Amino acid sequence: MDGRMMRSVRLKEDESPEQGHNASCLCGSAPCILCSCCPSSPNSTISRLIFTIFLFLGVLVSIIMLSPGVESQLHKLPWVCEEGAGTSIILQGHIDCGSVLGHRAVYRMCFATAAFFFLFTLLMICVRSSRDPRAAIQNGFWFFKFLIFVGITVGAFYIPDGSFSDAWFYFGVAGSFLFTLIQLVLFIDFAHSWNQRWLGKAEECDSRAWYAGLFFFTFLFYVLSIAAVALMFIYYTHPGACYEGKVFISLNLTFCVSVSIVAVLPKVQDAQPNSGLLQASVITLYTMFVTWLALSNVPDQKCNPHLLTHFSNGTAPDGYETHWWDAPSIVGLIVFFLCTLFISLRSSDHPQVNSLMQTEECTPTLEVVQQQQQLTACEGRAFDNEQESVTYSYSFFHFCLMLASLHIMMTLTNWYRPGEARKMISTWTAVWVKICASWAGLLLYLWTLVAPLLLPNRDFS
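The sequence shown maps to residues 16 to 476 in our numbering.
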């Protein structure tokens with residue numbers, strides 16, 4: 016009996032450190048949370064992933080709030096539909112107050128998410144290594160961060176309506192414009208890395224299959240771009256009308272052809288051997304995608320089949336029903352998820368993104384030493400790789416997630432502007448912002464092609 020009691024005591028003594036360790040992980044570093052279920056990963060990558068999960072959580076809540084069942088529950092909040100006070104909202108004369116609740120809820124949810132990341136943007140300015148006390152906040156205290164996130168979210172839903180939605184719309188426009196450019200940088204970097212990797216494989220294996228693969232995808236992207244142009248002319252223009260849409264499509268098609276020609280000029284190829292049609296085809300397809308998003312906001316029923324309402328044969332009041340989800344929004348949501356994950360999980364072989372994120376690489380020897388130290392302290396497979404210097408700019412990373420919050424807010428609300436004469440309408444502002452973003456993106460890509468020629472003394476490798 017005494018032996019059993021002694022073994023029981025020893026077992027409890029052996030379990031108590033582990034229990035204390037699990038509890039401390041709520042306030043400790045990122046590896047403590049995920050080290051038991053993830054492969055060998057640096058501390059910096061896991062922290063970025065968890066912050067991205069915070070962003071996706073906000074997006075998920077926003078999507079749920081757009082569902083009709085949830086909208087009916089939002090009547091209980093103090094800032095919506097006080098019909099007794101004469102504030103019932105009518106959208107375009109066809110949609111009652113309940114239909115707009117989802118959009119207003121999305122504005123507040125995304126405001127909370129953007130405010131959360133803006134707070135960390137300011138807090139993490141000029142953090143140089145994990146020895147900085149603020150780095151512990153970046154890589155740990157996840158339970159308290161979650162409480163702060165929830166607190167900001169709850170507070171956002173008690174913001175008086177007033178001019179909040181109208182003012183926050185312009186913040187969303189500016190943030191979404193910048194994030195669209197960041198998406199373009201990610202696509203340029205992805206195409207460059209893809210082209211360089213496959214060309215290297217072709218030279219190593221002395222196989223034409225890799226060249227055939229590059230040719231196939233380049234041809235596919237151009238075919239998809241041409242198909243997109245044709246479909247946009249069919250569905251977003253009409254003979255004798257929709258002149259703006261015709262001009263936008265024609266201009267962007269001309270610009271894409273121009274940058275494709277520049278990409279294969281002999282002088283450009285000599286100055287930048289990695290330049291090619293694969294990158295140009297990716298940029299062309301992305302430009303057509305942004306053009307499509309712009310045309311989906313044209314405030315003209317004849318030129319835009321994706322306006323807020325559509326005829327439903329009398330099943331809804333006055334023959335109209337809410338039409339929140341359409342093809343541009345769904346595709347935009349998918350592109351958003353892919354680009355945000357790329358920001359969070361990018362590796363050191365993406366030079367353009369590393370430059371954008373101000374990434375610094377640690378030497379392999381140092382990483383091995385840091386990994387052994389972290390494994391001893393946390394009994395996991397994640398390690399601290401930032402004891403000498405941070406591997407990315409903490410502040411700029413949070414700034415990107417803040418812009419992502421604003422971008423997804425505009426995507427989920429179809430870029431419609433609330434608060435104007437108590438209507439939810441599409442405006443030319445959204446159209447021009449997206450078109451200007453496509454032009455700025457093409458100009459940025461053109462600069463990457465001609466910069467080595469214009470500035471020969473600088474290293475653009």
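Cβ atoms here follow ideal geometry from the backbone N, Cα and C, with glycine treated the same way.
Being a predicted model, the structure only gives us computed values, none of them experimental.
1. Between the alpha carbons of THR442 and TYR185, how many angstroms are there, rounded?
2. Kindly indicate the opening and closing residues of the alpha helix (DSSP H) around TYR226.
3. Between VAL465 and GLN211, what straight-line distance do the alpha-carbon atoms span, to the nearest angstrom?
4. Where do the N-terminal and C-terminal ends of the alpha helix (DSSP H) with ILE61 fall, by residue?
5. Count the other CB atoms within 10 Å of the CB of CYS257; is the residue buried (16 or more) or exposed (fewer)?
6. DSSP three-state label for ARG432, please.
7. Of the choices PHE126, ASP204, ALA309, THR355, whose alpha-carbon is the least far from that of ARG63?
8. Among GLU219, VAL272, THR233, ASP221, which residue has its Cα nearest to the Cα of VAL244?
9. Going by DSSP, name the residue or residues bridged to ALA256.
10. Any chance the region 174–181 sits against the region 149–158, with 3 or more Cβ pairs inside 8 Å?
11. Nearest to ASP204 by CA position, among TYR460, ASN472, PRO467, ARG473, is which residue?
12. Say whether the region 412–426 touches the region 125–137, bearing in mind that this needs 3 or more beta-carbon pairs closer than 8 Å, one atom from each stretch.
13. Please report the distance separating the alpha-carbon of PHE172 from that of MET124.
14. So, at 7 Å on beta carbons, what are the nonlocal neighbours of VAL446 in its own chain, with the 5 sequence-adjacent residues on each side left out?
15. Kindly give me the distance between the Cβ atoms of SER453 and THR302, rounded to whole angstroms, as I take these residues to be in contact under 8 Å.
16. Use the C-beta contact count for LYS449: other C-beta atoms within 10 angstroms, 16 or more gives buried, fewer gives exposed.
17. Just to confirm the assignment, what range does the alpha helix (DSSP H) spanning ASP204 have?
18. Taking 8 Å as the threshold (C-beta atoms), are VAL74 and GLN198 in contact?
19. Who are the Cβ neighbours of PHE202 in its own chain at under 6 Å, not counting the five residues just before and after it?
20. For ARG119, count the other beta carbons within 10 Å of its own beta carbon; 16 or more makes it buried, fewer makes it exposed. Which is it?
21. Going straight from the alpha carbon of TRP183 to that of VAL262, what length do you get?
22. Would you say the beta carbon of TRP454 is closer than 7 Å to some non-hydrogen atom of the ligand ADP?
23. Using the beta-carbon count (16 or more within 10 Å), is ARG432 buried or exposed?
24. For the candidate residues SER410, THR195, THR233, whose alpha-carbon lies nearest to that of LEU137?
25. I need the DSSP call for ASP285, collapsed to helix, strand or coil.
26. Pull up the CB-CB distance for THR299 and ILE264, whole angstroms please, since I reckon it's below 8 Å.
27. In three-state terms, what does DSSP make of VAL115?
28. For the alpha helix (DSSP H) holding GLY456, just list the boundary residues, first then last.
29. Output needed for PHE164: all residues of its chain with C-beta closer than 7 Å, excluding positions within five of it in sequence on either side, in chain order.
30. Are LEU293 and SER275 touching if we call contact CB-CB under 8 Å?
31. Could you check if SER82 is buried or exposed, using at least 16 other CB atoms within 10 Å of its CB as the buried criterion?
32. I need the straight-line Cα distance from THR428 to PHE412, nearest angstrom please.
33. Using alpha carbons as the reference points, say which of LYS216, GLY170, MET424, PRO281 lies closest to PHE192.
34. Decide if THR269 is buried, meaning its Cβ has at least 16 other Cβ atoms within 10 Å, or exposed.
35. Tell whether a beta-carbon distance below 8 Å holds between TYR407 and SER59.
36. Do you know how far the Cα of PRO254 is from the Cα of GLU336?
Walking through what the data contain:
1. If you draw a straight line from the Cα of THR442 to the Cα of TYR185, it comes to about 12 Å.
2. Note, TYR226: alpha helix (DSSP H), 224–251.
3. Taking the Cα positions, VAL465 is about 19 Å away from GLN211.
4. Start and end: 58–80.
5. The residue is buried, with at least 16 neighbouring Cβ atoms inside 10 Å.
6. ARG432 falls in the strand class under three-state DSSP.
7. Ranking the options by Cα distance to ARG63, first place goes to THR355.
8. With respect to the C-alpha of VAL244, the residue from GLU219, VAL272, THR233, ASP221 having the closest C-alpha is VAL272.
9. Residue pairing by DSSP places ALA256 opposite HIS253 in a beta bridge.
10. Cβ pair count under 8 Å is below three, so no.
11. Relative to ASP204, the option among TYR460, ASN472, PRO467, ARG473 whose CA is nearest is TYR460.
12. Short answer: they touch.
13. About 8 Å.
14. Cβ neighbours of VAL446 beyond the five flanking positions: ALA309, ASN312, VAL313.
15. SER453 to THR302, Cβ: 5 Å. Contact.
16. Taking every protein chain shown into account, the CB of LYS449 has 16 or more other CB atoms within 10 angstroms, so this residue is buried.
17. Its alpha helix (DSSP H) spans residues 179–220.
18. In terms of Cβ geometry, GLN198 and VAL74 do not form a close pair [threshold 8 Å].
19. Excluding sequence neighbours, PHE202 sits near VAL297, TYR301.
20. Result: buried.
21. About 30 Å.
22. The ligand ADP is absent from the structure shown, which contains no ligand whatsoever.
23. By the Cβ-count criterion, ARG432 is buried, with 16 or more other Cβ atoms from all chains shown falling within 10 Å of its own Cβ.
24. If we check each option's Cα against that of LEU137, SER410 comes out closest.
25. Secondary structure at ASP285: helix, using DSSP grouped into helix, strand and coil.
26. The Cβ separation is near 13 Å, so there is no contact.
27. Residue confidence for VAL115 is low, a pLDDT of 47 falling below 50, so the modelled location carries little weight and cannot support an answer.
28. Where GLY456 is concerned, the enclosing alpha helix (DSSP H) stretches over 443–469.
29. If we look at PHE164 and ignore the five residues flanking it on each side, its Cβ neighbours are PHE69, PHE131.
30. Contact flag unset, no.
31. Counting other Cβ atoms within 10 Å of its Cβ, SER82 stays below 16 and is therefore classed as exposed.
32. Computed Cα separation, rounded: 25 Å.
33. The shortest C-alpha separation from PHE192 is found at MET424.
34. With fewer than 16 other CB atoms across the displayed protein chains lying within 10 angstroms of its CB, THR269 is exposed.
35. Less than 8 Å separates the beta-carbon of TYR407 from that of SER59.
36. Only weak support is given to the placement of GLU336: the predicted model assigns it a pLDDT of 40, under 50, and the value that follows is read from those uncertain coordinates. GLU336 and PRO254: Cα-Cα distance of roughly 29 Å.
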